[in-house]
Amino acid sequence: MAMIDPEQERKRLAEFYSHQTDGELERVAQESGSLTDVALQTLRAEMANRGLTQDSIEGAPDADPAEVDRTDADRDGPEFRDLVVVRSYWNLLEAELAKGALDAAGIECFLFDDNMVRLDWFNANALGGVKLRVEPQDAEAAQRILDECAAESASSDEADSES
Numbered sequence: 056m057a058m059i060d061p062e063q064e065r066k067r068l069a070e071f072y073s074h075q076t077d078g079e080l081e082r083v084a085q086e087s088g089s090l091t092d093v094a095l096q097t098l099r100a101e102m103a104n105r106g107l108t109q110d111s112i113e114g115a116p117d118a119d120p121a122e123v124d125r126t127d128a129d130r131d132g133p134e135f136r137d138l139v140v141v142r143s144y145w146n147l148l149e150a151e152l153a154k155g156a157l158d159a160a161g162i163e164c165f166l167f168d169d170n171m172v173r174l175d176w177f178n179a180n181a182l183g184g185v186k187l188r189v190e191p192q193d194a195e196a197a198q199r200i201l202d203e204c205a206a207e208s209a210s211s212d213e214a215d216s217e218s
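First residue of the sequence shown: 56, per the working numbering; consecutive thereafter.
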């Protein structure tokens with residue numbers, strides 16, 4: 056996919072908008088939701104030059120020039136986060152229960168390789184199990200919660216075996 060130079064696109068749009076009638080510009084402004092940031096900024100500049108009201112521009116706040124230079128891929132691309140593994144599980148059910156405990160405690164967490172294990176549980180050996188990951192700043196709290204859950208589970212297992 057070819058990258059469009061924002062400055063060159065701004066010049067092209069300025070030329071295009073300068074040849075439009077006031078009515079045509081107002082119609083474009085009414086459908087401004089489909090415009091790129093560069094097109095919206097150029098449209099506003101042309102309307103301001105002509106003294107036209109910009110009330111018809113659909114809820115679009117003034118564009119920050121630094122923001123205009125960013126491509127759509129920069130804004131809408133995947134967000135990569137540096138997550139740490141707090142536990143690995145061979146059993147998918149145990150991984151889901153641990154995730155549920157952290158979710159209930161308000162700690163955002165994610166299971167990795169769970170879909171591969173769902174396809175074939177033998178994959179757990181090759182992948183090192185299902186990994187439970189959290190943000191680095193939440194790792195200590197997550198470990199503490201998982202330790203408490205494991206202790207409660209162990210004590211309830213002992214109580215069940217005694218009765």
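Where is the CB? At the ideal position from N, CA and C, for every residue including glycine.
For clarity, every value in this text was computed on a predicted model and none was experimentally measured.
How far does the beta strand (DSSP E) with residue i in it reach, from first residue to last?
i: R188; result: V185 to V189
i: L182; result: Careful: L182 lies outside any beta strand (DSSP E), inside the alpha helix (DSSP H) at N178 to L182.
So for residue i, helix, strand or coil by DSSP?
i: L138; result: coil
i: L98; result: helix
i: L107; result: coil
i: L166; result: strand
i: S211; result: helix
Rounded to a whole number of angstroms, what is the C-alpha to C-alpha distance between residue i and residue j?
i: G202; j: Q63; result: This sequence places Asp at residue 202; Gly is not what is there. Each residue's alpha carbon lies about 58 Å from the other.
i: D246; j: A150; result: Limits of the chain in this structure are 56 at one end and 218 at the other, which puts residue 246 out of reach.
i: G75; j: T91; result: The residue you asked about is not Gly; residue 75 is Gln in the sequence shown. Cα to Cα, Q75 sits roughly 18 Å from T91.
i: A115; j: S87; result: For A115, the predicted model reports a pLDDT of 46, less than 50, meaning its position is unreliable; a value from the coordinates is still stated below. Going by the C-alpha atoms only, they are around 8 Å apart.
i: W176; j: S143; result: 14 Å
i: P98; j: L68; result: It should be pointed out that residue 98 corresponds to Leu in this sequence rather than to Pro. Distance between the alpha carbons of L98 and L68: 8 Å.
i: D127; j: R188; result: Caution is warranted here: a pLDDT of 47 is assigned to D127, below 50, making its placement in the model unreliable, and no coordinate value can be reported.
i: G184; j: D168; result: 7 Å
For the alpha helix (DSSP H) holding residue i, just list the boundary residues, first then last.
i: G78; result: D77 to Q85
i: L152; result: L147 to A159
i: P61; result: P61 to S73
Cβ contact check for the stretch 98-109 and the stretch 158-175: 3 or more pairs under 8 Å: With a cut-off of 8 Å, the stretch 158-175 and the stretch 98-109 do not count as touching, because too few Cβ pairs lie within range.
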